[in-house]
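Chemist:
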Amino acid sequence: MSTKTVQARVDSHLKEVGEGILKMLGVTPSQAINAFYAQIVLCKGLPFEVKLPNNLTLEAIEELESGGGKKFSSFKSMIDDLEEDENA
153 MSTKTVQARV DSHLKEVGEG ILKMLGVTPS QAINAFYAQI VLCKGLPFEV
203 KLPNNLTLEA IEELESGGGK KFSSFKSMID DLEEDENA
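Set out below in structure tokens:
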């Protein structure tokens, strides 16, 4: 299996406490990150609920719930519409 390097900035206190917990569990940070990525792939998203949608998402939800939004007869027609918006 080939591997790639992932770099991330983490708050120093969070890193210290988190790595202490991982050490007690007998898990390296690399193993924990690999497990996290595996769960992302398995869940096809974050492996936990994101509880605070941003304003754009809230507006989209409200628009759909009130009967707004666009409807398409096929996936292709939706993609065509998105591409038209990008080129406008």
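Read in our numbering, the sequence shown has 186 at position 34, and its numbers run on one by one without any break.
Glycine included, every Cβ here is placed at the ideal spot set by N, Cα and C.
1) Put Ser154 into one of helix, strand or coil per three-state DSSP.
2) So, are the CB atoms of Gly221 and Glu214 less than 7 Å apart?
3) Can you tell me whether Val169 is helix, strand or coil according to DSSP?
4) Would Gln191 pass as a contact of Pro181 if the rule is Cβ separation under 7 Å?
5) Need the endpoints of the alpha helix (DSSP H) that Phe188 sits in, please.
6) How long is the line joining the alpha carbons of Asp233 and Asn239, rounded to whole angstroms?
Modeler: In short, the structure shows the following:
1) Numbered from its first residue, the sequence shown carries residue 154 at position 2. Reduced to three states, the DSSP call for Ser154 is coil.
2) Residue mapping note: residue 221 aligns to position 69 of the sequence shown, counting from 1. Residue mapping note: residue 214 aligns to position 62 of the sequence shown, counting from 1. No, the Cβ-Cβ distance between Gly221 and Glu214 is not below 7 Å.
3) In the sequence shown, counting from the first residue as 1, residue 169 sits at position 17. Of the three classes helix, strand and coil, the one that applies to Val169 here is helix, per DSSP.
4) The residue labelled residue 191 in the question sits at position 39 within the sequence shown. The residue labelled residue 181 in the question sits at position 29 within the sequence shown. No, the pair does not count as a contact, with Cβ atoms beyond the cut-off.
5) For this step, residue 188 is matched to residue 36 along the sequence shown. Here the alpha helix (DSSP H) through Phe188 covers 181-195.
6) Taking the first residue of the sequence shown as 1, we reach residue 233 at position 81. Taking the first residue of the sequence shown as 1, we reach residue 239 at position 87. Going from the Cα of Asp233 to the Cα of Asn239 covers about 10 Å.
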